[in-house]
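Since the structure comes first, as C-alpha cells, the remarks are kept for the end.
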Ligand SMILES: *Cc1c(COP(=O)(O)O)cnc(C)c1O
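Residue numbers (our numbering): 18 to 359.
Written as C-alpha cells, this is what we have:
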C-alpha cells in the first residue's frame with residue numbers, strides 16, 4: 018500500500034507501541050499522569066515556552082488557543098484557506114463566539130501585513146474587537162520565511178494583537194529552514210503542534226504558551242470535552258515522536274523532491290508540478306484526469322485524493338522505492354490516458 022493522501026495516515030512505530038504499553042499513568046484531569054506531564058514539559062522546552070498542554074487533536078488545540086486569546090465578540094485575523102478557518106467546522110465562531118476575519122494567503126503562505134493592518138478594526142461599537150493574528154506553518158507545504166515571522170511579530174505587537182501559530186507541521190518548517198523549532202516559535206504567543214502527522218504518533222497535539230495562557234487553555238480543554246484520564250498511554254507515543262521522529266522529516270522532504278522530479282519528467286500532457294518546499298507535492302492535472310488517475314492508482318494499491326489540483330504528501334511509511342513505484346504507475350496511466358485521447 019502506498020498512501021499519499023496525507024501524513025496523518027502514518028502508523029505508530031514499534032518503539033511507540035512499546036512506550037505506550039510501558040507508560041506510567043495516572044488521572045490527567047487531576048494533573049497526575051506522569052507521562053502526560055513529561056510530554057508537556059518536553060514540548061514546552063523544545064518550543065521554548067513556559068508551559069504546554071496535551072490535547073486530543075490539532076482542531077481542539079487551535080480552538081482552545083483561540084478561546085484562550087479571545088472573548089465573545091472578539092475577532093481574529095486568519096488565512097482564507099487556513100485550517101483553523103476553513104477546515105475546523107467554523108469552531109471559533111460556532112463554539113467560541115469569535116468572529117474570523119479571513120485574508121488571502123500570498124503564494125508563499127504568508128499574509129500580507131499591510132492587508133492585515135487594514136483589517137484591524139478601530140475601537141468603535143460597530144466593530145468586533147480585533148484581538149488575534151493567526152498564522153500557519155507550514156502552509157500548503159510551504160515553510161514561512163524567517164524574516165516574515167519577525168515582521169509579523171512586530172506588526173502584532175504594534176497593534177496590540179496576540180499572535181498564534183497553527184504549527185501543525187512546525188517541525189517540517191524547522192527542518193526545511195535548517196533551524197530549531199524554537200527559532201520559529203519564539204515569535205509567537207502560542208503554538209499548536211500535531212504529533213499525529215509526520216511525527217507518526219497515533220493521536221494528539223500539544224499547545225504551548227505562557228503558564229497563565231496554558232492554565233486558561235486547560236480550562237477550555239475540559240469545557241471542550243478534552244480532559245482525558247490515563248492519557249499517558251497516548252502521551253508516551255508523543256514523547257517518542259518528539260525525541261526520535263523530528264530529524265527524519267528530512268527524508269520525507271527528500272522523497273517529496275524525488276516524487277516531484279519524477280512526475281515532472283513524465284508529466285507532459287497530463288500534469289504540471291508545483292515547486293516543492295517540504296513534504297507536499299501539488300500537481301495540477303489535465304481536465305478529467307484526476308478521477309481516472311485516482312481510480313487507476315487505487316487498483317494498484319496506491320491512494321491519492323482526486324482533485325484538479327492534487328496534493329501528494331510524503332511521510333515515514335512511503336520510502337524512496339515506493340515513490341519510484343508510484344511514478345512508474347503514473348507513467349503507465351499517462352500512456353493509456355494520452356492514447357485514449359488521440
Ligand atoms: C491537521 C491540521 C490541523 C489539525 O488537525 P486534526 O486532524 O484536528 O489533528 C490543524 N492545522 C493544520 C494546518 C493541519 O494540517
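Quick reminder that beta carbons are idealized off the backbone N, C-alpha and C, glycines included.
query: Assess, as a yes-or-no matter, whether the stretch 215 to 230 is touched by the stretch 45 to 62 under the definition of 3 or more beta carbon pairs within less than 8 Å.; result: yes
query: Check whether the Cβ of residue 213 sits closer than 7 Å to any heavy atom of ligand 1, and report yes or no.; result: yes
query: Mapping the DSSP letters down to three states, classify residue 98 as helix, strand or coil.; result: coil
query: Got a sec, what are the start and stop residues for the beta strand (DSSP E) residue 146 sits in?; result: 146 to 153
query: Comparing alpha-carbon positions, which option in 343, 18, 304 and 346 lies nearest residue 358?; result: 304
query: Using DSSP's beta-bridge definition, name the partner residues of residue 92.; result: 116 and 147
query: Is residue 153 near ligand 1, judged by its Cβ being under 7 Å from some heavy atom?; result: yes
query: Please list the terminal residues of the continuous alpha helix (DSSP H) segment that includes residue 181.; result: From DSSP, residue 181 is part of no alpha helix (DSSP H) but of the beta strand (DSSP E) over 179 to 183.
query: Going by beta carbon distance, what residues of the same chain come within less than 7 Å of residue 275, once the five residues before and after it are set aside?; result: 337 and 340
query: Can you list the beta strand (DSSP E) stretches of 3 or more residues lying completely in the stretch 24 to 107, in chain order?; result: 68 to 72 and 91 to 96
query: Sort 321, 306 and 351 by Cα distance to residue 26 and report the nearest one.; result: 321
query: Could you tell me whether any non-hydrogen atom of ligand 1 is closer than 7 Å to the CB of residue 100?; result: yes
query: With distances taken from CA atoms, which of 344, 227 and 177 is nearest residue 61?; result: 227
query: Just how far apart, CA to CA, sit residue 270 and residue 19?; result: 16 Å
query: Alpha carbon to alpha carbon, how far is residue 306 from residue 69? Give it in angstroms, no decimals.; result: 45 Å
query: Helix, strand or coil: which one does DSSP assign to residue 200?; result: helix
query: Distance check for residue 235 and residue 81, CA to CA, integer angstroms please.; result: 8 Å
query: Any idea if residue 351 is buried or exposed, counting beta-carbon neighbours within 10 angstroms, 16 or more meaning buried?; result: buried
query: Figure out for me which residue from 210, 114, 105 and 162 has the closest Cα to the Cα of residue 128.; result: 162
query: Hey, is residue 255's beta-carbon within less than 8 Å of any beta-carbon in chain D?; result: The chain labelled as chain D is not found in the depicted structure, where only one protein chain is given.
query: Using CA coordinates, which residue listed in 65, 79 and 34 is at the minimum distance from residue 243?; result: 79
query: Do you know offhand how far residue 131's Cα is from residue 97's?; result: 16 Å
query: According to DSSP, which residues form a beta bridge with residue 327?; result: 300
query: Please report how far the alpha carbon of residue 42 lies from the alpha carbon of residue 72, in whole angstroms.; result: 16 Å
query: Of the residues 355, 92, 349 and 254, which one's Cα is nearest the Cα of residue 35?; result: 254
query: Keeping to the same chain, check which residues put their C-beta closer than 8 Å to that of residue 40; ignore five residues upstream and five downstream.; result: 52, 249, 250, 252 and 253
query: Kindly list the residues whose CB is nearer than 6 Å to the CB of residue 49, restricted to its own chain and excluding five residues on each side of it in sequence; keep chain order.; result: 43
query: Once the 5 residues before and after residue 346 are set aside, which same chain residues still bring their CB inside 8 Å of it?; result: 313, 314, 317 and 319
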